[in-house]
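Taken in order, these protein sequences are the chains called C and X.
Following this note's numbering, the numbering of the first sequence begins with 52 at its first residue and continues without gaps.
Following this note's numbering, the numbering of the second sequence begins with 36 at its first residue and continues without gaps.
Beta carbons are placed, not taken as given, at the ideal position from N, Cα and C, and that holds for glycine.
Computed from a predicted model, the values in this text were never measured in an experiment.
For reference, the structure discussed in these notes is given below.
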Amino acid sequence: MSDKEKLSTIIDPDELKKEIMAKYPGKVQKKRSKGFVVNDPKDESLEIQANVRTIPGIITQRGCTYAGCKGVILGPTRDVVNIVHGPIGCSFYAWLTRRNQTRPLTEEDENFMTYAFSTDMQDSNIVFGGEAKLKKAIKEAYEMFKPHSIAIFSTCPVGLIGDDVHAVAREMKAELGINIFGFSCEGYRGVSQSAGHHIANNKIFSNVVGINDEKVVDSKFRMNMMGEYNIGGDAFLLEDYFKEMGIELVASFSGNSTIESYEYAHKVDLNVVMCHRSINYIAEMMEKKYGIPWFKVNFIGAHASAKSLIKIAEYYGDDEMIKKTKELVDREMKRVEEVIAEVRPKLEGKTAMMFVGGSRAHHYQELFAEVGMETVAAGYEFAHRDDYEGRRVIPNIKIDADTRNIEDLTVEKLDEQFRPDLQERKAKLEKSEFAFENYDGMMPEMRKGALVIDDISHHESEELIAKVKPDIFCAGIKEKYVIQKHGIPLKQLHSYDYGGPYAGFQGAINFYREIERMLTTNVWKMVDAPWKEEPEIVGSVVTEYC
Amino acid sequence: MLLRHTQKASETIERKALTVNPAKTCQPVGAMYAALGVHGCLPHSHGSQGCCSYHRSALTRHYKEPVMASTSSFTEGSSVFGGQANLLQALTNIYAIYEPEIVAVHSTCLSETIGDDLGQICSKAVADGKVPEGKHIVYAPTPSYVGSHVTGYANMLKAFVEKFPIKTDEKKRQINLLSGWVEPSDMRELKRIMAMMDVKSVLLPDTSDVLDAPMTGEFQMYPNGGTTIPEMVSMGDSMATVAAGWFATRDAAIALENQCKVKFTQTDIPVGLKATDRFIQAVAKEARVSVPESINVERGRLVDALTDMQQYFYGKKVAIYGDPDNIIPLTEFLIDLGMIPTAVVSGTPGKEFMKRMDALLGDIPEARYLNGAQADMFLMHGWIKENPVDLIIGNTYGKYIARDENIPFLRYGFPILDRIGHSYFPTVGYMGTLNLVTKILDKLMDKIDETALEEKFELVM
Numbered sequence: 052m053s054d055k056e057k058l059s060t061i062i063d064p065d066e067l068k069k070e071i072m073a074k075y076p077g078k079v080q081k082k083r084s085k086g087f088v089v090n091d092p093k094d095e096s097l098e099i100q101a102n103v104r105t106i107p108g109i110i111t112q113r114g115c116t117y118a119g120c121k122g123v124i125l126g127p128t129r130d131v132v133n134i135v136h137g138p139i140g141c142s143f144y145a146w147l148t149r150r151n152q153t154r155p156l157t158e159e160d161e162n163f164m165t166y167a168f169s170t171d172m173q174d175s176n177i178v179f180g181g182e183a184k185l186k187k188a189i190k191e192a193y194e195m196f197k198p199h200s201i202a203i204f205s206t207c208p209v210g211l212i213g214d215d216v217h218a219v220a221r222e223m224k225a226e227l228g229i230n231i232f233g234f235s236c237e238g239y240r241g242v243s244q245s246a247g248h249h250i251a252n253n254k255i256f257s258n259v260v261g262i263n264d265e266k267v268v269d270s271k272f273r274m275n276m277m278g279e280y281n282i283g284g285d286a287f288l289l290e291d292y293f294k295e296m297g298i299e300l301v302a303s304f305s306g307n308s309t310i311e312s313y314e315y316a317h318k319v320d321l322n323v324v325m326c327h328r329s330i331n332y333i334a335e336m337m338e339k340k341y342g343i344p345w346f347k348v349n350f351i352g353a354h355a356s357a358k359s360l361i362k363i364a365e366y367y368g369d370d371e372m373i374k375k376t377k378e379l380v381d382r383e384m385k386r387v388e389e390v391i392a393e394v395r396p397k398l399e400g401k402t403a404m405m406f407v408g409g410s411r412a413h414h415y416q417e418l419f420a421e422v423g424m425e426t427v428a429a430g431y432e433f434a435h436r437d438d439y440e441g442r443r444v445i446p447n448i449k450i451d452a453d454t455r456n457i458e459d460l461t462v463e464k465l466d467e468q469f470r471p472d473l474q475e476r477k478a479k480l481e482k483s484e485f486a487f488e489n490y491d492g493m494m495p496e497m498r499k500g501a502l503v504i505d506d507i508s509h510h511e512s513e514e515l516i517a518k519v520k521p522d523i524f525c526a527g528i529k530e531k532y533v534i535q536k537h538g539i540p541l542k543q544l545h546s547y548d549y550g551g552p553y554a555g556f557q558g559a560i561n562f563y564r565e566i567e568r569m570l571t572t573n574v575w576k577m578v579d580a581p582w583k584e585e586p587e588i589v590g591s592v593v594t595e596y597c
Numbered sequence: 036m037l038l039r040h041t042q043k044a045s046e047t048i049e050r051k052a053l054t055v056n057p058a059k060t061c062q063p064v065g066a067m068y069a070a071l072g073v074h075g076c077l078p079h080s081h082g083s084q085g086c087c088s089y090h091r092s093a094l095t096r097h098y099k100e101p102v103m104a105s106t107s108s109f110t111e112g113s114s115v116f117g118g119q120a121n122l123l124q125a126l127t128n129i130y131a132i133y134e135p136e137i138v139a140v141h142s143t144c145l146s147e148t149i150g151d152d153l154g155q156i157c158s159k160a161v162a163d164g165k166v167p168e169g170k171h172i173v174y175a176p177t178p179s180y181v182g183s184h185v186t187g188y189a190n191m192l193k194a195f196v197e198k199f200p201i202k203t204d205e206k207k208r209q210i211n212l213l214s215g216w217v218e219p220s221d222m223r224e225l226k227r228i229m230a231m232m233d234v235k236s237v238l239l240p241d242t243s244d245v246l247d248a249p250m251t252g253e254f255q256m257y258p259n260g261g262t263t264i265p266e267m268v269s270m271g272d273s274m275a276t277v278a279a280g281w282f283a284t285r286d287a288a289i290a291l292e293n294q295c296k297v298k299f300t301q302t303d304i305p306v307g308l309k310a311t312d313r314f315i316q317a318v319a320k321e322a323r324v325s326v327p328e329s330i331n332v333e334r335g336r337l338v339d340a341l342t343d344m345q346q347y348f349y350g351k352k353v354a355i356y357g358d359p360d361n362i363i364p365l366t367e368f369l370i371d372l373g374m375i376p377t378a379v380v381s382g383t384p385g386k387e388f389m390k391r392m393d394a395l396l397g398d399i400p401e402a403r404y405l406n407g408a409q410a411d412m413f414l415m416h417g418w419i420k421e422n423p424v425d426l427i428i429g430n431t432y433g434k435y436i437a438r439d440e441n442i443p444f445l446r447y448g449f450p451i452l453d454r455i456g457h458s459y460f461p462t463v464g465y466m467g468t469l470n471l472v473t474k475i476l477d478k479l480m481d482k483i484d485e486t487a488l489e490e491k492f493e494l495v496m
């Protein structure tokens, strides 16, 4: 009997679900049941509830809209002064905590990522309004730093007291002559970080992308990478691959990036999308406006990386690039296979659970599979149904009040910059089964009987740990020590536990080694004292000497 | 350079509106930390999810321990119509699913701005039977746009003191010890000192055995540590209160005095020799005990070490930033060692800070110090660029300045995100001070070793 079969005989997933739900009050049970699904990859009618409100009082992994906007999307961009308009905390917590690495090209290049800027609103600003202070803060920032651009992020009180950050941005832009834009990304705007991604996408698209049409990007093959945030240096590895293939990476949204590069990011022939959830909006809008095709790639997992690089080369259809790419893949896969051969026997048959993000919980399953490990339960923190079930379900997703709250930009084709040539190429490739605008989601790739859980709660993860006892659990910092107190190692997939990179081929090798370390280390075997299993030692008041 | 845009303080403008690289954060995280120091208590953040998530993350990164807390998960609707429904629903779920003894609710800038009245909502929760028999609810308004994380800690401490202590006719031979924001190891050290002095005491809050709980292979949602309800109730009958840390404990001490007529002595957090002397005297006086020989021995050991170390501290310039309760006694101590604090900032507002710093630093012409909104690490860095220092002491964020300026750096305060183990070794009391001063000396001497010419490299120091 294989380990996979063993697992499903030990645990009846439906029974497990029932047991976990039992503790919930009626209404909670009803709602959580819909986000807690026993997978069947063949069943197309299987639906998961996602991107809905977290029930108050349920201990969730989720953060807020501001976190998605400032922390995730704008955080990794270095040539912008990000002023957080609000009380001090929001700026403080988003200060360098996400490990987005950046590499300014020279010592003189702008890099504001190591700074936290805030209007530090006080009660008088709440009572009398904060616009005047915001304007002053922008002027001070300009005077001190003369930055390329300034962005303003609204925190919860801003919308409520009626501060108009967009009007302030317009006024200051006119006065100071640099690009200044604001985000209405108050924490409460959406049900999770996801709303913040969308808000960030909209503003970057409407106020930054395409404003520099003068710049000449003089390269045969030009591309943007989207939804790659350069945690632990992932993007640096990928940049090297693209360079080797002969591709000019014009802009990265948003790992290791500059606002300046976004301004001419429309001068590309292709957008590739890594994290579908956080960035598909810009990709779609760029296709509508400029005719630039996009497709999904995945650089987490060596085989996935190979497939993605080859697909990119095939898109350009350049024989030399295809040849170079295949050489790159062969060379790197050889190194990867050597490590797999060494590591796999130690990890084969072990089980993993992962609850993180809007794409990582899917992508990392590939890395585990490459060393023979199975993902028995997974879910996202802030994804939508399409990230689970695939983009085919998008037309059927119910638009609730929370979603309606986030503006969907109406984008028109821009004739003078539209690229019919790219659309023709796309149409031609599509005939040969080359997929664009594609993402099939997590569920079709997970086995029957695996658990798929959206916005997992503390109670649910604790029960899973106790009843299924996976060999490793992947989540974030809030979960890390909760899980580890159970004696089960937790790998952080947001911060990588300060390791990485894990993308591409070298990244895959790094990850295999990391999992090998985590699952073979002696520390977990030292939890019990040697006397724990021994019969009780009976004390004596008499000391005997020989 | 990591902080390549930072200029000398004299070469940049004086800011009125922009805070850059703050030396503080917001109230709720302090309320959360204080509530974790009460046994069986689940902190609850009444606001949008991000607050709770950020605060749990910050505390977890510092303590490397589980930090459990729940949230009212506000959406646009609750922000417009008020958060009462969210909080009531949250309480039902929390008591049913997570089974705490106490839920300690704190507000956020969001719920404060819309005018949610925590007192009214919590009363309604009790009236509606949302709080099960024998369980409790405590609340503290902690608007993020007032004060700092220290204020939030103070407010939550006050909330506990207003809720639990009861004055009966029976005076108890014990004292209350209200502690400012220190590490779990410091809380344990305070209790050890009380035991050495043979003083029965109730320490509030007490995060030892909560945020440094042992690995047992089992997760305990409510670890063994924390001040218990009976202990808090008994505080009303104590002989007196010793409140360590003006900013974090004064309001609670006053509230307890008003409510239960328990007098208090305000002291500093016992960091450094003199602050510990004052603390010991306060405890001895309030508990009516004499200082035992064992304490004298510990003090003597510290003073002995200081005499051995003193030559390396003399004249060394130091930059300090952090929370007032911690850096006031620290500054005093460093001056006593012969060091010169030339740059001191705290983001936490409050006149007491400048009053104390004027007294400590007023006679040192090159000392620059400030607290409040623009008293941030950017300002301090600008001062350092003008008048370089030999050592920087403060939370993890100082590492960027330290690296750019090539200055030894000692991590002290909250948060320390990039080192593990700091929460296990105290810096309070004579032994804690010995630990701290040893770390300071190590930093200075490592620098001497690193930079010494080969012919000047010393074996014996």
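Give me the Cα-Cα distance between residue i and residue j, rounded to the nearest whole angstrom.
{"i": "A131(X)", "j": "A160(X)", "result": "14 Å"}
{"i": "L211(C)", "j": "A429(C)", "result": "37 Å"}
{"i": "V102(X)", "j": "S243(X)", "result": "13 Å"}
{"i": "F485(C)", "j": "P78(X)", "result": "52 Å"}
{"i": "M392(X)", "j": "M480(X)", "result": "28 Å"}
{"i": "M274(X)", "j": "N281(C)", "result": "58 Å"}
{"i": "S214(X)", "j": "D247(X)", "result": "17 Å"}
{"i": "E205(X)", "j": "Y465(X)", "result": "34 Å"}
{"i": "I361(C)", "j": "G342(C)", "result": "22 Å"}
{"i": "A139(X)", "j": "H184(X)", "result": "16 Å"}
From which residue to which residue does the alpha helix (DSSP H) around residue i run?
{"i": "F485(C)", "result": "Unbroken run through F485(C): none, as it is neither H nor E."}
{"i": "E330(X)", "result": "Reading off the sequence shown, one finds Ile at residue 330(X), where the question assumed Glu. Per DSSP, I330(X) belongs to the alpha helix (DSSP H) from 328-348."}
{"i": "Q80(C)", "result": "77-85"}
{"i": "N258(C)", "result": "244-258"}
Once you ignore the five residues that flank residue i on each side, which residues in its own chain have a CB closer than 6 Å to its CB?
{"i": "M52(C)", "result": "Because the pLDDT at M52(C) is just 41, under 50, the model does not fix this residue reliably, and the point stays unresolved."}
{"i": "N90(C)", "result": "M494, M497, A501, V503"}
Got a sec? Which residues, its chain only, sit under 8 Å from residue i by beta carbon, not counting five neighbours each side?
{"i": "D63(C)", "result": "none"}
{"i": "L37(X)", "result": "Y435, R438, D439"}
{"i": "K193(X)", "result": "A175, D286, A287, A290"}
Which residues bound the beta strand (DSSP E) around residue i?
{"i": "A139(X)", "result": "137-142"}
{"i": "P78(X)", "result": "76-81"}
Measuring only between beta-carbons, confirm whether residue i sits less than 8 Å from chain C.
{"i": "A52(X)", "result": "yes"}
{"i": "S80(X)", "result": "no"}
{"i": "A131(X)", "result": "yes"}
{"i": "K59(X)", "result": "yes"}
Kindly indicate if chain X contains any beta-carbon less than 8 Å away from that of residue i.
{"i": "F524(C)", "result": "no"}
{"i": "R104(C)", "result": "yes"}
{"i": "C236(C)", "result": "no"}
{"i": "K187(C)", "result": "yes"}
{"i": "P521(C)", "result": "no"}
{"i": "M172(C)", "result": "yes"}
For residue i, is the classification buried or exposed, using 16 other Cβ atoms within 10 angstroms of its Cβ as the cut-off for buried?
{"i": "E490(X)", "result": "exposed"}
{"i": "G228(C)", "result": "exposed"}
{"i": "D54(C)", "result": "The predicted position of D54(C) is uncertain, since its pLDDT is 49 and thus under 50; a value taken from the coordinates is nonetheless stated next. With fewer than 16 other Cβ atoms within 10 Å, it is exposed."}
{"i": "G213(C)", "result": "exposed"}
Check the Cβ of residue i against every Cβ in chain D and list those closer than 7 Å, keeping chain order.
{"i": "M195(C)", "result": "Judged by its chain identifiers, the structure shown contains no chain D, and its protein chains are C and X."}
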